[in-house]
Amino acid sequence: MNKLHVLCAALLAVAATSAPAQILIGQTAGMTGSVAASVNETIGGAQLVIDAVNAQGGVHGEKIEVLRMDDGFDVKRASENARVLIEEKKVAALFMSRGTPHSQAIIPWLDKHDVALVGPSTGAMVLHKPVQKYVFNVRATYQREAEKAIQHLLTTGIARIAVVYVTDSFGQDALEGAMTGFAKAQAKPTVTVPADREKPDYKTIVPTIRDANAQAVLWIGSGTAVVEGIKALRASGSAAQVVTLSNNASSGFIKQLGDASKGVIVTQVFPNERSISYPMVKEALTLARAKGQAELSPAALEGFASAKVLVEALRRAGPKPTRAKVLAALESLRAYDLGGLEVSYSPQDHSGIDFADLAIISDGRFKR
């Protein structure tokens, strides 16, 4: 019996030493709820990178495991999930949170434990300026997008523009960008309409837009709240041009809109997801097609780009990456080529990429 125990112990020891080490990364995001469609597409894009890296043996022989917790797009749950991932799961870094107030709620845990957050899926200026020591953005800001959207509408001769904005930090942030666009053109919105994040009152919002005789609407909001708003606007008979931001740049958003999707403009923070002239897009499409996916969505491309930054930071952090090593690797990342787009960070700048474009929904696809 003693010999058997010794043999079993020896076998377990061999198994333990031969098992691949893992780098634990944490993510909290609304995998269910109003933003689930785009969140799950960003996760799919990120997983293309992580699966490819793990298939080649991981980073310095250690495979990456992303521990994901669903916060249902609830701010309090996002904060608690971050605490669990950092304090209990001991992750090396956090990755791709979703939502402006949600990401803000995570920051105290980052600050307390010196943990980096890579690629939050939000363009909130509050995560850019002043520089948040532990937040490393990959995508452009909402203010940049909203300003570009207003400039586009004004240069096409549209003068009467309504702005609907969700009443949270995301909405206020994007509204500021829109107002900058108006100010630069010495123009003003026809009307600005606040909308509750949880329960938008479309019976008030839509008549306000129609009464203002708006030719176009910049709708600042997330997921189903914007989908239902656009449907209500169309049901009222309004043909106003609708523009929304890149947080809605997902295939799921188009599907939810159905027939109401035609002609909706969505700002973009990455190149055309079908433009193989960008090596990053070509790489992402190759990996996606190997898994049986014919196309990528803009949301998937955002996840792909953010995961590439994460993996590069882990590589530079060296074997057995600690939180401090990951942070140092990110802080020193300079001119990292994602494949046609460069990312650089410094102690004074954690902004990542400054790219903004527009796409219009036609035949169930984003077109530029």
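Going left to right, the sequence shown walks through residues -21 to -1, 1 to 347 as mature numbering (1 follows the signal peptide of the UniProt record, and there is no 0) numbers them.
We put the beta carbon where it would ideally sit given N, CA and C, even for glycine.
- A Cβ-Cβ separation of about 25 Å leaves residue 280 out of contact with residue 310 under the 8 Å criterion.
- Per DSSP, residue 332 lies in no beta strand (DSSP E) segment and is marked neither H nor E.
- A direct Cα-to-Cα measurement between residue 51 and residue 330 gives close to 26 Å.
- Going by DSSP, residue 46 is part of the beta strand (DSSP E) stretching over 41 to 49.
- Within the segment 134 to 196, the alpha helix (DSSP H) runs of at least 4 residues that lie entirely inside it are, in chain order, 148 to 163 and 181 to 190.
- If you ignore the 5 residues before and after residue 226, its C-beta comes within less than 6 Å of the C-beta of 201, all in its own chain and listed in chain order.
- Sixteen is the threshold: since fewer than 16 other Cβ atoms of the shown chains lie within 10 Å of the Cβ of residue 327, the residue is exposed.
- About 7 Å separates the beta carbons of residue 245 and residue 340, which is inside the 8 Å limit, making them a contact pair.
- For residue 68, there is no enclosing alpha helix (DSSP H), as DSSP gives it neither H nor E.
- Under DSSP, residue 256 forms no beta bridge with any residue.
- In the structure shown, residue 287 falls within a helical segment according to DSSP collapsed to helix, strand and coil.
- By the criterion of a C-beta distance shorter than 6 Å, residue 18 is surrounded in its chain by 8, 9, 10 and 77, once the five residues flanking it on both sides are discounted.
- Each residue's CA atom was taken as its position, placing residue 85 and residue 58 some 5 Å apart.
- In this structure, residue 26 and residue 74 do not form a Cβ contact; the two beta carbons are roughly 11 Å apart against a cut-off of 8 Å.
- With fewer than 16 other CB atoms across the displayed protein chains lying within 10 angstroms of its CB, residue 321 is exposed.
- For the 8 Å CB-CB criterion, residue 117 and residue 229 do not form a contact.
- Residue environment analysis places residue 302 among the buried positions, since at least 16 neighbouring C-beta atoms fall within 10 angstroms of its C-beta.
- Cβ neighbours of residue 150 within its own chain (closer than 8 Å, five residues either side excluded): 144, 173, 174, 176, 199 and 200.
- Residue nearest to residue 221 within the set 92, 71, 300 and 188 is 188 (criterion: CA-CA distance).
- By the C-beta density criterion, residue 35 is exposed, having fewer than 16 other C-beta atoms within 10 angstroms.
- Residue 7 sits in a strand when the DSSP states are folded into three classes.
- Cβ contact annotation for residue 276 (same chain, cutoff 6 Å, sequence separation greater than five): 20, 229 and 230, in chain order.
- Between the C-alpha atoms of residue 334 and residue 43 there is a straight-line separation of about 28 Å.
- Where residue 275 is concerned, there is no enclosing alpha helix (DSSP H), because DSSP gives it neither an H nor an E.
- Counted as a single uninterrupted DSSP element, the beta strand (DSSP E) harbouring residue 221 occupies residues 220 to 223.
- For residue 230, the enclosing alpha helix (DSSP H) covers residues 230 to 236.
- Burial is judged here by how many other beta carbons sit within 10 angstroms of a residue's own beta carbon; residue 152 has at least 16 and is buried.
- Checking the DSSP bridge columns, you'll see residue 95 has no partner listed.
- Taking residue 347 as the centre and dropping the five residues before and after it, the same chain places the C-beta of 251 and 338 closer than 6 Å to its C-beta, in chain order.
- In terms of Cα proximity to residue 234, the closest of 210, 217, 249 and 312 is 210.
- In the DSSP assignment, residue 245 falls within the unbroken beta strand (DSSP E) covering 244 to 247.
- Going by beta carbons, residue 298 and residue 39 fall inside the 8 Å limit.
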